[in-house]
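Chains as they are written, first to last, in this note's numbering: chain L, 1 to 307; chain P, 1 to 86; chain G, 1 to 276. Built from N, CA and C at the ideal position, the CB exists for glycine as well. Structure first, then comments.
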């Protein structure tokens with residue numbers, strides 16, 4: 001069925017997206033595999049056809065998600081951005097989706113390692129020297145964590161990213177507690193917990209201690225500290241786009257913290273609020289607004305840095 | 001017709017079952033705030049709504065989706081009793 | 001690390017590109033299983049446990065194939081063109097791919113939630129079918145749509161208490177879709193084609209003979225079979241199936257927003273498809 005036929009049949013916001021799609025370049029999806037710490041990470045590359053790529057984009061999913069993201073929003077973003085000439089990589093973090101690794105062995109720290117491996121793969125295997133990061137929810141935290149660990153990118157779009165507090169190296173001991181992951185995930189996604197997390201009343205480490213009994217910081221596990229108010233990134237981005245819904249209870253504090261963090265690091269920071277949207281952007285209109293706003297920002301940034 | 005007090009024990013059991021709470025239903029305080037006490041989120045509330053439908057045939061009308069209704073076991077029992085009575 | 005080989009690829013089928021993930025045993029292939037996932041946000045929650053189940057099955061000699069329906073995941077196509085018929089068509093195509101790759105003719109179908117209903121419909125047309133495993137099957141499309149709307153209202157109720165949602169969140173009247181014909185289900189568009197075909201889907205009304213082994217697993221808070229699942233078992237028996245119905249105590253993982261880890265369910269699936 002052609003795009004125009006669909007557009008005639010469905011009257012709604014969807015019409016706009018499908019019509020706009022008609023003028024872009026074709027994009028092809030291919031499977032992707034790379035190795036992170038000895039395990040195979042699997043995903044998809046969206047490649048623009050018949051033109052030199054503008055840049056590469058890593059699309060980072062959240063804690064409990066897969067490479068498609070909630071309501072397939074990362075797939076939409078991959079298609080949309082590839083249509084504008086960006087090579088987009090979507091992949092499942094280790095222990096998630098199709099990638100290798102046990103669910104209980106992986107946490108925000110290993111997600112950050114995977115993101116850095118993906119950046120290396122994009123550079124070495126795909127020849128992409130300029131890179132953007134797009135992360136939703138914990139995927140946004142991963143983007144910040146990777147930049148904190150030294151990854152330097154042209155831009156980063158953070159969608160509903162909570163304040164980075166990846167003191168979450170709990171997994172080895174967590175396996176000893178059968179109910180741990182369920183409780184941890186339940187706490188992690190409870191709105192009140194989000195508020196407590198970002199206000200400093202609870203941190204992952206505290207949750208871990210409560211659930212597991214005793215300190216979670218074991219020698220050699222590579223603990224990760226919460227970003228402090230005066231933290232600086234070892235890597236960073238030239239430009240950062242923050243997208244939050246106005247009905248997301250984590251938004252205001254996260255916006256304050258990330259704006260300060262990235263401005264201190266010399267980045268251009270822009271903010272887009274989606275009126276009424278909740279944390280996961282659970283509506284088709286919000287889904288489109290997130291994708292379109294990100295595409296417009298990335299095109300503008302790419303134009304600024306074009307030779 | 002069941003009164004709210006009569007509905008409270010089976011509703012406690014339903015909530016414990018549906019949400020996999022590790023508490024004795026008899027120990028639950030019917031007046032305590034459900035959200036704060038048991039950390040109920042939207043998925044948990046959905047399970048309770050489905051439980052009301054499956055166990056009692058209670059289907060919420062569009063204008064009955066009010067967070068106050070789920071404030072406590074007692075508020076749910078009062079709502080359920082009124083629906084069963086109508 | 002799984003002790004099986006995994007191949008992830010796109011397969012061209014009549015103008016569509018299906019994403020398929022193959023789990024091949026290291027030794028001899030003793031059986032073959034096709035995994036049918038649910039759609040919409042349930043797919044996200046169920047995805048990883050089905051990867052784990054497929055890996056476990058392959059370790060027991062069962063070659064397993066997972067796939068994405070067109071308009072979902074990484075497969076081509078628009079979700080706007082999805083109907084129950086396209087879901088069944090994709091399942092039958094994936095079964096053919098599995099047969100060709102495994103060399104096993106009678107394949108076993110595994111379905112979770114709406115995927116279970118699709119697996120059952122596909123089993124009627126698949127020819128050689130070794131068995132069907134239905135995990136927490138959705139018995140009717142009407143119930144699925146009704147619960148979709150309930151879930152959306154609950155989410156809106158909670159969000160409203162946290163600050164309110166905007167008008168962008170189209171919901172429609174309780175029994176009819178909004179103007180334009182597309183129901184917005186948590187960011188997934190449900191077009192009239194899917195809505196109408198789901199409304200017509202009722203497993204209790206199917207009458208085609210199904211002389212295969214069928215197991216129905218109800219995910220429940222207690223080891224107790226509900227009336228609706230018992231009725232489904234009776235309907236399947238009347239259609240000639242050899243039916244086993246059982247409850248498995250586990251949380252409703254298909255609604256879980258976080259990481260899902262349900263080894264007991266994965267083991268049950270692997271045991272069925274490997275013929276243990």
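(1) Given that a residue counts as buried once 16 or more other Cβ atoms are within 10 Å of its Cβ, and exposed if not, what is residue 134 (chain G)?
(2) Interface residues of chain P around residue 198 (chain G) at Cβ under 8 angstroms?
(3) Flag residue 66 (chain L) as yes if its beta-carbon sits less than 9 angstroms from any beta-carbon of chain G, otherwise no.
(4) For chain G, check one thing: does any of its Cβ atoms lie closer than 9 angstroms to the Cβ of residue 98 (chain L)?
(5) Can you grab the Cα-Cα spacing for the pair residue 93 (chain L) / residue 48 (chain G), in whole Å?
(6) So what does DSSP say about residue 18 (chain G), is it helix, strand or coil?
(7) State the start and end residues of the unbroken alpha helix (DSSP H) segment that holds residue 63 (chain L).
(8) Report the neighbours of residue 154 (chain G) on chain P: residues whose CB is nearer than 8 angstroms to its CB, in chain order.
(9) Find out if the Cβ-Cβ distance for the pair residue 201 (chain G), residue 121 (chain G) is shorter than 9 angstroms.
(10) Applying the criterion that 16 or more other CB atoms from any shown protein chain within 10 Å of the CB defines a buried residue, is residue 207 (chain L) buried or exposed?
(11) Can residue 14 (chain P) and residue 69 (chain P) be called in contact, C-beta distance under 9 angstroms?
(12) Using the C-alpha atoms, what's the distance from residue 238 (chain G) back to residue 210 (chain G)?
(13) So what does residue 63 (chain G) bridge to, in DSSP terms?
(14) Among the residues of its own chain, which have a CB less than 7 angstroms from the CB of residue 214 (chain L), if the five just before and after it don't count?
(15) With 9 angstroms as the threshold, decide whether the Cβ of residue 14 (chain G) is near any Cβ in chain L.
(16) Is the separation between the beta-carbon of residue 219 (chain G) and that of residue 185 (chain G) shorter than 9 angstroms?
(17) Starting from residue 294 (chain L), trace the beta strand (DSSP E) in both directions and tell me its first and last residue.
(18) Roughly how many whole angstroms lie between the Cα atoms of residue 100 (chain L) and residue 78 (chain P)?
(19) Skipping 5 residues on each side, what residues in its chain have a beta carbon closer than 6 angstroms to that of residue 272 (chain L)?
(20) Using a threshold of 9 angstroms, state whether the C-beta atoms of residue 60 (chain L) and residue 143 (chain L) are closer than that.
(21) Could you pull the DSSP bridge partners for residue 48 (chain L) from this structure?
(22) Residue 281 (chain L) versus chain G: which residues are under 9 angstroms apart at the beta carbon?
(23) Would you kindly check if the distance between the Cβ of residue 216 (chain G) and the Cβ of residue 242 (chain G) is under 9 angstroms?
(24) Are residue 59 (chain G) and residue 270 (chain G) closer than 9 angstroms when you measure CB to CB?
(25) Going residue by residue through the stretch 84-149 of chain L, where are the continuous beta strand (DSSP E) segments of at least 3 residues, counting only ones entirely within it?
(26) Would the stretch 54-69 of chain L count as touching the stretch 117-126 of chain L if we require 3 or more Cβ pairs under 8 angstroms?
(27) Does the beta-carbon of residue 378 (chain L) have 16 or more other beta-carbons within 10 angstroms, so that it is buried, or is it exposed?
(28) Taking Cβ positions only, does residue 79 (chain P) come closer than 9 angstroms to chain G?
(29) Does the distance from the CB of residue 233 (chain L) to the CB of residue 262 (chain L) come in under 9 angstroms?
(30) What residues in the stretch 10-35 of chain P bring their beta carbon closer than 7 angstroms to a beta carbon of chain G?
(31) Can you find a CB in chain P that lies within less than 9 angstroms of the CB of residue 150 (chain G)?
(32) Can you name the residues of chain G whose CB is closer than 7 angstroms to the CB of residue 42 (chain L)?
(33) What does residue 184 (chain G) pair with, by DSSP beta-bridge criteria?
(34) For chain P, check one thing: does any of its Cβ atoms lie closer than 9 angstroms to the Cβ of residue 222 (chain G)?
(35) Under 9 angstroms, do residue 274 (chain L) and residue 291 (chain L) count as touching if we go by C-beta distance?
(36) I'd like to know whether the C-beta of residue 85 (chain P) is nearer than 9 angstroms to at least one C-beta of chain G.
According to the structure data:
(1) In the third chain, residue 134 (chain G) corresponds to position 134, counting from 1. Looking at its Cβ environment, which holds 16 or more other Cβ atoms inside 10 Å, residue 134 (chain G) is buried.
(2) Here residue 198 (chain G) corresponds to residue number 198 of the third chain, with the count starting at 1. Per Cβ cutoff of 8 angstroms: no residues; residue 198 (chain G) is ~18 angstroms from chain P at best.
(3) As a first step, residue 66 (chain L) must be located in the first chain, where it is residue number 66. Yes, because at least one Cβ of chain G sits closer than 9 angstroms to the Cβ of residue 66 (chain L).
(4) Within the first chain, numbered from 1, the residue matching residue 98 (chain L) stands at position 98. Yes - at least one Cβ of chain G is within 9 angstroms of the one on residue 98 (chain L).
(5) As a working mapping, residue 93 (chain L) is identified with position 93 in the first chain. As a working mapping, residue 48 (chain G) is identified with position 48 in the third chain. Going from the Cα of residue 93 (chain L) to the Cα of residue 48 (chain G) covers about 11 angstroms.
(6) On the third chain, residue 18 (chain G) is found 18 positions in, with the first residue counted as 1. Secondary structure of residue 18 (chain G) (DSSP, three-state): strand.
(7) On the first chain, residue 63 (chain L) is found 63 positions in, with the first residue counted as 1. Looking at the DSSP string, residue 63 (chain L) is not in any alpha helix (DSSP H), and its letter there is neither H nor E.
(8) Within the third chain, numbered from 1, the residue matching residue 154 (chain G) stands at position 154. Within chain P, the residues near residue 154 (chain G) are 42, 45, 46, 49, 65.
(9) Here residue 201 (chain G) is taken as the residue at index 201 of the third chain, counted from 1. Here residue 121 (chain G) is taken as the residue at index 121 of the third chain, counted from 1. Yes, they are a contact pair.
(10) Position 207 of the first chain, counted from the start, is the residue given in the question as residue 207 (chain L). With a pLDDT of 33 at residue 207 (chain L), under the threshold of 50, the predicted position of this residue should be treated as unreliable, and no value is reported.
(11) Translated into positions along the second chain, residue 14 (chain P) becomes position 14. Translated into positions along the second chain, residue 69 (chain P) becomes position 69. Result no, Cβ atoms of residue 14 (chain P) and residue 69 (chain P) do not sit closer than 9 angstroms.
(12) Start at 1 with the first residue of the third chain, and residue 210 (chain G) comes out as number 210. Start at 1 with the first residue of the third chain, and residue 238 (chain G) comes out as number 238. Approximately 9 angstroms, taken between the alpha carbons.
(13) On the third chain, residue 63 (chain G) is found 63 positions in, with the first residue counted as 1. Secondary-structure assignment with DSSP links residue 63 (chain G) through a beta bridge to G:32.
(14) What you label residue 214 (chain L) is simply residue 214 of the first chain in a count that begins at 1. A caution first: residue 214 (chain L) carries a pLDDT of 27, below 50, which makes its placement in the model too unreliable to give a value.
(15) Here residue 14 (chain G) is taken as the residue at index 14 of the third chain, counted from 1. For residue 14 (chain G), the answer is no, since every Cβ of chain L falls outside 9 angstroms of its Cβ.
(16) Position 219 of the third chain, counted from the first residue, corresponds to residue 219 (chain G). Position 185 of the third chain, counted from the first residue, corresponds to residue 185 (chain G). Cβ atoms of residue 219 (chain G) and residue 185 (chain G): not closer than 9 angstroms.
(17) For the purposes of this step, residue 294 (chain L) is taken as the residue at position 294 of the first chain. Residue 294 (chain L) -> not in any beta strand (DSSP E); alpha helix (DSSP H) instead, spanning 284-305.
(18) Position 100 of the first chain holds residue 100 (chain L). Position 78 of the second chain holds residue 78 (chain P). Computed Cα separation, rounded: 50 angstroms.
(19) By one-based count along the first chain, residue 272 (chain L) stands at place 272. Cβ within range, chain order: 243, 293.
(20) On the first chain, residue 60 (chain L) is found 60 positions in, with the first residue counted as 1. On the first chain, residue 143 (chain L) is found 143 positions in, with the first residue counted as 1. In this structure, residue 143 (chain L) lies closer than 9 angstroms to residue 60 (chain L) by Cβ.
(21) Looking up residue 48 (chain L) in the first chain gives position 48. The partner list for residue 48 (chain L) (beta bridge, DSSP) reads L:27.
(22) Taking the first residue of the first chain as position 1, residue 281 (chain L) is located at position 281. Ordered by position in chain G, the residues that pass the 9 angstroms Cβ test against residue 281 (chain L) are 187.
(23) Locating residue 242 (chain G) in the third chain gives position 242, counting from the first residue. Locating residue 216 (chain G) in the third chain gives position 216, counting from the first residue. With a cutoff of 9 angstroms on beta-carbon distance, residue 242 (chain G) and residue 216 (chain G) are scored as not near each other.
(24) As a first step, residue 59 (chain G) must be located in the third chain, where it is residue number 59. As a first step, residue 270 (chain G) must be located in the third chain, where it is residue number 270. Yes, the pair counts as a contact, with Cβ atoms nearer than the cut-off.
(25) 86-91, 131-136
(26) yes
(27) One cannot answer for residue 378 (chain L) here, as it falls past the ends of chain L, which runs 1 to 307.
(28) As a first step, residue 79 (chain P) is located in the second chain; it is residue number 79 there, counting from the start. Not an interface residue.
(29) Here residue 233 (chain L) refers to the residue found at position 233 of the first chain. Here residue 262 (chain L) refers to the residue found at position 262 of the first chain. Yes, the pair counts as a contact, with Cβ atoms nearer than the cut-off.
(30) 17, 18, 20
(31) Taking the third chain and counting its residues from 1, one reaches residue 150 (chain G) at position 150. True, the Cβ-Cβ gap to chain P drops below 9 angstroms.
(32) As a position in the first chain, residue 42 (chain L) is number 42, starting the count at 1. Correct list: 8.
(33) Sequence index remark: in the third chain, residue 184 (chain G) carries index 184 (1-based). Residue 184 (chain G) pairs with G:189.
(34) As a working mapping, residue 222 (chain G) is identified with position 222 in the third chain. Chain P, which has a Cβ nearer than 9 angstroms to the Cβ of residue 222 (chain G), makes this yes.
(35) Position 274 of the first chain, counted from the start, is the residue given in the question as residue 274 (chain L). Position 291 of the first chain, counted from the start, is the residue given in the question as residue 291 (chain L). Contact flag unset, no.
(36) Start at 1 with the first residue of the second chain, and residue 85 (chain P) comes out as number 85. Closer than 9 angstroms: no.
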